[in-house]
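**Q** Residue numbers (numbering that gives the first Met the number 0), protein chains in the order written: chain A, 0 to 303; chain B, 0 to 303; chain C, 0 to 303; chain D, 0 to 303.
Number of protein chains: 4
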Amino acid sequence: MAGRTLLQQAVPITFGVKAAGWLSGLDDAVDLLGRVASTRLAVQLGGAAGTRSALSPHGAAVAAALADELGLVAAVPWHTNRVRVAELAGALGATAAALAKPARDVILLAQTEVGEVREGSPGRGGSSAMPQKRNPVAAIATVAAAAAAPGLVATLLAAAAGGEHERAAGAGQTEWTALRRLLVGVGSAAAWLADCLAHLEVDPERMRANLDLTGGAVTAERIAVALAGRVGRTEAHRAVARAMAARRPLVDVLREDAELAGHLDGLDLDDLADPAGDPDAGGDIIDTALWRHHSGRKPCNEAP
Amino acid sequence: MAGRTLLQQAVPITFGVKAAGWLSGLDDAVDLLGRVASTRLAVQLGGAAGTRSALSPHGAAVAAALADELGLVAAVPWHTNRVRVAELAGALGATAAALAKPARDVILLAQTEVGEVREGSPGRGGSSAMPQKRNPVAAIATVAAAAAAPGLVATLLAAAAGGEHERAAGAGQTEWTALRRLLVGVGSAAAWLADCLAHLEVDPERMRANLDLTGGAVTAERIAVALAGRVGRTEAHRAVARAMAARRPLVDVLREDAELAGHLDGLDLDDLADPAGDPDAGGDIIDTALWRHHSGRKPCNEAP
Amino acid sequence: MAGRTLLQQAVPITFGVKAAGWLSGLDDAVDLLGRVASTRLAVQLGGAAGTRSALSPHGAAVAAALADELGLVAAVPWHTNRVRVAELAGALGATAAALAKPARDVILLAQTEVGEVREGSPGRGGSSAMPQKRNPVAAIATVAAAAAAPGLVATLLAAAAGGEHERAAGAGQTEWTALRRLLVGVGSAAAWLADCLAHLEVDPERMRANLDLTGGAVTAERIAVALAGRVGRTEAHRAVARAMAARRPLVDVLREDAELAGHLDGLDLDDLADPAGDPDAGGDIIDTALWRHHSGRKPCNEAP
Amino acid sequence: MAGRTLLQQAVPITFGVKAAGWLSGLDDAVDLLGRVASTRLAVQLGGAAGTRSALSPHGAAVAAALADELGLVAAVPWHTNRVRVAELAGALGATAAALAKPARDVILLAQTEVGEVREGSPGRGGSSAMPQKRNPVAAIATVAAAAAAPGLVATLLAAAAGGEHERAAGAGQTEWTALRRLLVGVGSAAAWLADCLAHLEVDPERMRANLDLTGGAVTAERIAVALAGRVGRTEAHRAVARAMAARRPLVDVLREDAELAGHLDGLDLDDLADPAGDPDAGGDIIDTALWRHHSGRKPCNEAP
């Protein structure tokens with residue numbers, strides 16, 4: 000399929016590479032939330048001003064027992080140290096971004112003029128006014144639910160920064176409303192994206208047809224690299240640019256180019272200009288993303 | 000000193016407990032930034048569309064060598080998986096909050112009517128118009144620098160969510176401006192807070208004098224707890240409320256209260272009403288915060 | 000051209016209607032900024048605490064003379080009433096949105112697979128790696144510059160809300176940095192959009208070709224409305240849905256539909272299915288937008 | 000009372016000047032909301048893609064009748080021109096700031112150590128744990144409700160900027176949730192502030208006592224201005240600074256200052272050092288704010 004940068008076809012990629020990018024982002028979010036859940040959700044037991052004075056000298060023991068009961072991390076009172084809440088907010092905000100990314104790609108790939116994917120949930124996505132439409136409603140709902148996250152994270156970070164003395168005058172109330180909305184929104188986005196991806200229908204023929212829309216131009220980078228080995232980088236770029244301007248199949252124009260005469264021997268231009276010519280490109284990236292996903296290995300690093 | 004909730008004197012605390020809360024927040028931020036710095040700052044080498052096709056089959060090896068050269072984490076291309084940037088943004092936003100918290104407390108403690116701390120940097124904080132003023136300028140500069148963080152984090156999270164296909168149309172440019180501003184702002188806040196705290200002058204006499212402002216009312220919680228053991232919780236609260244209404248020293252009024260007659264034997268009311276009566280309250284919290292700070296132990300959990 | 004809702008072709012529109020929508024938004028922004036500029040940019044002269052005590056009793060006269068000198072509105076001191084700044088921020092934020100809207104449409108219309116517009120600035124938009132690309136760089140720069148606005152507006156609104164007493168401890172410094180960045184960003188977005196639109200090349204043939212992509216489905220709403228007059232709304236929708244499913248030209252399938260037999264007499268299906276069949280649709284909307292733009296009439300209301 | 004800048008006592012002001020500042024901000028917000036309500040809440044009737052094609056040629060007439068029925072402004076379809084929503088969001092954000100400002104001042108003035116105001120709603124503000132507390136709960140609730148506004152406005156501005164083509168893929172859903180939350184939050188803040196101010200108890204004796212805390216230092220600006228007429232600005236500032244350092248009543252020290260000997264004749268130092276010496280300062284500001292409030296005059300300009 001076409002890889003697209005700035006929403007222009009750029010170079011051929013595979014759908015696997017694109018999906019591996021989605022997977023990496025989602026696995027990053029899972030790691031991030033997992034770390035916050037296991038190490039930062041702590042019991043808060045401090046009394047009115049965080050000294051546990053009414054429990055003295057049993058404060059730490061009571062807090063530890065309570066943490067155990069609730070499945071939370073034991074911790075010193077953190078009534079006015081809201082970094083925990085800020086971290087949770089940041090992790091949820093990053094998760095919202097990771098969820099919105101595939102959804103936005105689905106919406107763009109589902110455009111009438113692109114048509115490379117569609118949502119397959121039966122009976123979904125119709126329009127009451129326009130019977131022909133098949134809207135990617137799950138992807139749209141994902142994007143919509145995630146879009147509230149940046150503003151809510153900003154509210155939570157401002158509240159975390161604004162706590163006065165031993166208990167803030169207002170920031171606490173602000174915090175719990177915003178955190179609840181953020182949890183609901185990110186959870187909703189996750190549910191919608193799961194629905195979207197579980198029923199996604201991919202159309203390889205449209206992918207191939209779209210690659211052919213530009214008469215081989217999508218392979219111009221690869222051709223220019225090959226030509227550069229023969230005539231130098233500058234002249235290679237010039238030759239490709241001349242060929243593009245002709246708005247005919249790229250390879251045909253290059254073969255007629257007088258300045259390249261004698262420099263094309265032994266170059267398999269048809270192979271270079273075949274958008275499907277390098278089907279394994281990025282295969283190692285897919286392997287790494289899958290290995291990480293299945294092994295539960297934390298860092299999205301070069302693999303095994 | 001007075002512990003203050005909702006900006007009202009609540010119960011006596013020590014300055015050590017307050018400073019331990021500041022330290023915990025800052026250590027949380029150090030941990031968070033350290034984790035991002037060591038595991039998430041990764042080399043990005045993917046070519047135009049993230050497939051490394053021009054380097055094939057040496058892409059992973061070149062990326063690993065580059066990462067090594069630059070001291071970055073090796074990683075698969077992440078051009079359109081912006082969770083890394085979102086995580087860094089979230090960590091910086093949480094750090095801004097951790098920095099603003101002590102600065103806001105300093106500003107509040109330095110109020111003319113409170114006067115418990117002042118900034119001691121020589122020659123700083125004067126006002127051209129008002130010769131008497133000694134403004135906590137470093138704390139104010141900390142708060143001001145940190146205040147831009149929530150909005151910048153929101154911008155970065157929205158950019159991370161908004162990337163189209165293999166390279167976003169606009170989100171990248173947005174991201175780098177916002178990230179640079181965020182780094183500068185948080186760094187500036189850190190520098191100002193370091194200056195503020197390094198020269199902070201603490202006034203124990205004003206702390207004590209402020210505790211005495213309310214005629215012992217700041218110890219009402221402790222007294223009520225002690226009375227509750229004698230007359231029950233409801234009657235204890237009623238008695239303290241009656242005593243507060245008299246606006247005279249709390250202990251004097253309680254001793255005259257007919258309904259408490261016979262119930263006060265053996266209670267050392269003067270000791271209970273001494274705001275400095277429990278100087279060790281929260282000592283374990285301070286110990287834990289210091290132990291964690293010096294040991295470099297990551298979780299701010301109950302201690303050794 | 001195709002009108003697109005949820006990024007799916009919906010009904011035929013004209014490029015004029017689309018551009019009229021852009022114009023309305025930009026004229027709204029011009030009105031909004033004009034109102035703030037003429038009525039809300041006021042001189043602030045109040046002395047240290049906003050009482051003008053050092054100028055007494057000439058404060059109002061001095062302020063009026065200063066306002067006159069600077070071309071600002073005369074006003075009572077507003078050191079801690081930051082609603083003026085909040086209004087300016089809100090107006091700039093709305094302007095950023097009005098600027099981003101046409102730019103985003105241009106980016107989407109310029110996609111390789113859509114190709115209905117391109118940026119015509121000579122020598123612009125090429126890619127060093129991919130010689131075939133013609134990126135809509137001005138539109139992208141518009142979107143990128145505007146994307147910082149929501150976060151900056153949030154920062155300014157929080158600062159406006161956060162002013163303590165007669166002069167805020169920090170909010171003022173926060174405000175001026177953010178306001179300067181917001182002014183620069185919105186100005187930059189406006190300059191980029193002006194460049195983009197001044198050189199925009201529109202491709203009517205691609206518009207027409209895209210309308211034909213769906214075999215007339217883009218006119219399904221219009222056909223369904225016409226059929227509903229014959230067979231009722233429910234059956235009309237069912238018939239169109241059946242026809243869509245055949246993935247052949249819509250009109251052909253409808254004519255073969257046994258359930259519609261006898262109901263199509265006198266209906267000019269070819270005319271209904273011609274995407275260009277109602278070229279005047281929305282003409283009144285264009286007229287109103289232009290009338291407002293040229294007359295300087297403030298409200299974007301129904302016209303003359 | 001003390002005027003306070005950067006939370007330090009600066010110069011004497013009156014409570015009237017402070018309250019006039021609150022009133023000006025609230026009247027600004029009323030004007031702003033009123034303008035949006037009367038000119039920008041418009042009917043949206045455009046059909047699927049904003050062309051009113053299904054109503055042609057009666058679109059404008061139907062829209063006008065609908066606007067009349069609903070009490071809205073008649074307007075051309077604005078489905079994807081979201082400047083109206085952005086303006087409403089901005090106006091609500093500015094209103095939230097105007098509401099938070101007096102509430103924050105009340106919270107600060109109600110501090111135990113300041114004690115110049117308290118909330119008088121009967122039976123409100125007690126603490127279950129600390130019987131002595133009288134928390135300014137209405138002011139705190141105002142600040143908390145208003146604190147969500149900046150993030151919500153950012154969400155709405157981003158949605159307004161992000162609309163694709165004739166109907167946005169997601170931004171609309173985002174918008175309505177955020178707008179509803181913003182309306183509820185600002186309405187709630189307004190209700191709480193009305194409660195707070197309706198029952199506010201002001202304590203003139205504490206105001207006076209706080210002015211006396213600094214031994215006349217709060218009048219240092221006024222004294223320095225008077226001295227400057229005798230010995231020049233530089234020497235006047237130096238003399239006041241020397242006197243401040245002695246931490247005794249300012250006037251006493253100045254009279255003993257050898258360098259000022261002979262320069263004080265005819266200066267009524269006691270009058271200058273009386274914080275209540277200029278009770279009319281800012282009276283014109285109060286008059287203007289009240290005149291505007293009662294006359295309904297829109298601009299907060301210099302008056303009648």
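Even for Gly, the Cβ is constructed at its ideal location relative to N, Cα and C.
Hey, is isoleucine 222/B's beta-carbon within less than 8 Å of any beta-carbon in chain A?
**A** Answer no: the Cβ-Cβ gap between isoleucine 222/B and chain A never drops below 8 Å.
**Q** Under the three-state reduction of DSSP, which class applies to glutamate 220/A: helix, strand or coil?
**A** Looking at glutamate 220/A - three-state DSSP - the assignment turns out to be helix.
**Q** Select from the region 196–227 of chain C all residues with a C-beta closer than 8 Å to any C-beta belonging to chain A, and list them in chain order.
**A** Result list: Asn209, Leu212, Thr213, Ala216, Val217, Ala219, Glu220, Ala223.
**Q** Determine the extent of the beta strand (DSSP E) in which glutamine 8/B is found, giving its start and end residues.
**A** Taken as a continuous stretch (DSSP letters only), the beta strand (DSSP E) holding glutamine 8/B covers 7–11.
**Q** In the DSSP assignment, what are the bridge partners of valine 116/B?
**A** Paired residue(s): Val201/B.
**Q** Can you list, in chain order, the residues of its chain with a C-beta nearer than 6 Å to that of valine 10/A? Leave out the 5 residues immediately preceding and following it.
**A** So the qualifying residues of the chain are Gly2, Glu220.
**Q** Between the region 142–157 of chain A and the region 143–159 of chain B, can you find at least three pairs of beta-carbon atoms closer than 8 Å?
**A** As far as the Cβ criterion goes, the region 143–159 of chain B touches the region 142–157 of chain A, which means the pair count is three or higher.
**Q** Name, please, each residue of chain A whose Cβ falls closer than 8 Å to the Cβ of alanine 102/C.
**A** Those within 8 Å of alanine 102/C in chain A number zero; the least Cβ separation is about 12 Å.
**Q** Am I right that valine 116/D and glutamate 200/D are in contact with their C-beta atoms under 8 Å? What's the rounded C-beta distance?
**A** Right, the Cβ-Cβ distance comes to about 6 Å (below 8 Å), so this counts as a contact.
**Q** Distance, Cα to Cα, threonine 141/D vs glycine 184/D?
**A** Each residue's alpha carbon lies about 9 Å from the other.
**Q** Taking DSSP as the reference, what is the three-state secondary structure of glycine 171/C?
**A** If DSSP states are grouped into helix, strand and coil, glycine 171/C belongs with the helices.
**Q** Quick one: which unbroken alpha helix (DSSP H) runs of 4-plus residues sit fully inside the region 17–48 of chain A? Chain order, please.
**A** Taking only runs of at least 4 residues, no alpha helix (DSSP H) segment lies wholly in the region 17–48 of chain A.
**Q** Look at the Cβ atom of leucine 226/D, then the Cβ atom of proline 274/D, and state whether they are nearer than 8 Å.
**A** No, Cβ-Cβ distance for leucine 226/D and proline 274/D is not below 8 Å.
**Q** Which two residues bound the contiguous beta strand (DSSP E) that contains alanine 1/B?
**A** Element bounds for alanine 1/B: 1–4.
**Q** Decide if valine 217/A is buried, meaning its Cβ has at least 16 other Cβ atoms within 10 Å, or exposed.
**A** Valine 217/A is buried by the Cβ-count criterion.
**Q** According to DSSP, which residues form a beta bridge with valine 72/B?
**A** According to DSSP, valine 72/B bridges with Ala41/B.
**Q** Would you report the Cα separation of leucine 5/A and glycine 231/C, rounded to the nearest angstrom?
**A** Each residue's Cα considered, the two are about 46 Å apart.
**Q** Does the beta carbon of isoleucine 106/C come closer than 8 Å to any beta carbon on chain A?
**A** Yes - at least one Cβ of chain A is within 8 Å of the one on isoleucine 106/C.
**Q** Distance, Cα to Cα, serine 294/A vs leucine 25/A?
**A** For serine 294/A and leucine 25/A, the distance between alpha carbons rounds to 15 Å.
**Q** Quick one: what does DSSP say arginine 166/A is sitting in, helix, strand or coil?
**A** Strand at arginine 166/A.
**Q** Would you say the region 76–83 of chain D touches the region 161–176 of chain D, given that touching needs at least three Cβ pairs under 8 Å?
**A** Enough Cβ pairs lie closer than 8 Å, so yes.
**Q** Taking Cβ to Cβ, would you say aspartate 202/C is nearer than 8 Å to glycine 114/C?
**A** A contact, by the Cβ cut-off of 8 Å.
**Q** Three-state secondary structure (DSSP) at aspartate 269/B?
**A** Note: aspartate 269/B maps to helix in three-state DSSP.
**Q** What does the alpha-carbon distance come out to for the pair phenylalanine 14/D and isoleucine 284/D?
**A** Approximately 12 Å, taken between the alpha carbons.
**Q** Which of the residues in the region 134–150 of chain D, read from start to end, lie with their CB under 9 Å from any CB of chain B?
**A** For the region 134–150 of chain D, which is checked against every Cβ of chain B, the residues closer than 9 Å are Asn134, Pro135, Val136, Ile139, Pro149, Gly150.
**Q** Answer with buried or exposed for aspartate 277/C, where buried requires no fewer than 16 other C-beta atoms within 10 angstroms of its C-beta.
**A** Burial call: buried.
**Q** Check each residue of the region 166–178 of chain C: if its Cβ is closer than 7 Å to any Cβ of chain D, include it; give the result in chain order.
**A** Flagged, chain order: Arg166, Ala168.
**Q** For a test of the three-state rule: what should DSSP assign to asparagine 209/A, helix, strand or coil?
**A** DSSP places asparagine 209/A in helix when its eight states are reduced to three.
**Q** Short of 7 Å in beta carbon distance, which residues of its chain neighbour arginine 247/D, apart from the five on each side in sequence? Order them along the chain.
**A** If we look at arginine 247/D and ignore the five residues flanking it on each side, its Cβ neighbours are Gly214.
**Q** Check whether the Cβ atoms of leucine 87/C and arginine 133/C sit closer than 8 Å, and answer yes or no.
**A** No, Cβ-Cβ distance for leucine 87/C and arginine 133/C is not below 8 Å.
**Q** Hey, alanine 208/C and alanine 19/C are a contact pair by Cβ (cut 8 Å); roughly how many whole angstroms apart?
**A** The Cβ separation is near 23 Å, so there is no contact.
**Q** So what does DSSP say about arginine 232/B, is it helix, strand or coil?
**A** Of the three classes helix, strand and coil, the one that applies to arginine 232/B here is helix, per DSSP.
**Q** Given this structure, state the Cα-to-Cα distance separating valine 136/C from glutamate 112/D, to the nearest angstrom.
**A** Between valine 136/C and glutamate 112/D, the C-alpha separation is close to 59 Å.
**Q** When the Cα atoms are used, what is the spatial distance from alanine 95/A to alanine 158/B?
**A** When rounded, the distance between both Cα atoms is 11 Å.
**Q** Using DSSP with H/G/I as helix, E/B as strand and the rest coil, what is arginine 237/A?
**A** Three-state DSSP puts arginine 237/A in a helix.
**Q** Does the beta-carbon distance from alanine 101/A to leucine 182/A come in below 8 Å?
**A** Checking the sequence, you will find proline at residue 101/A rather than alanine. No. Outside cutoff.
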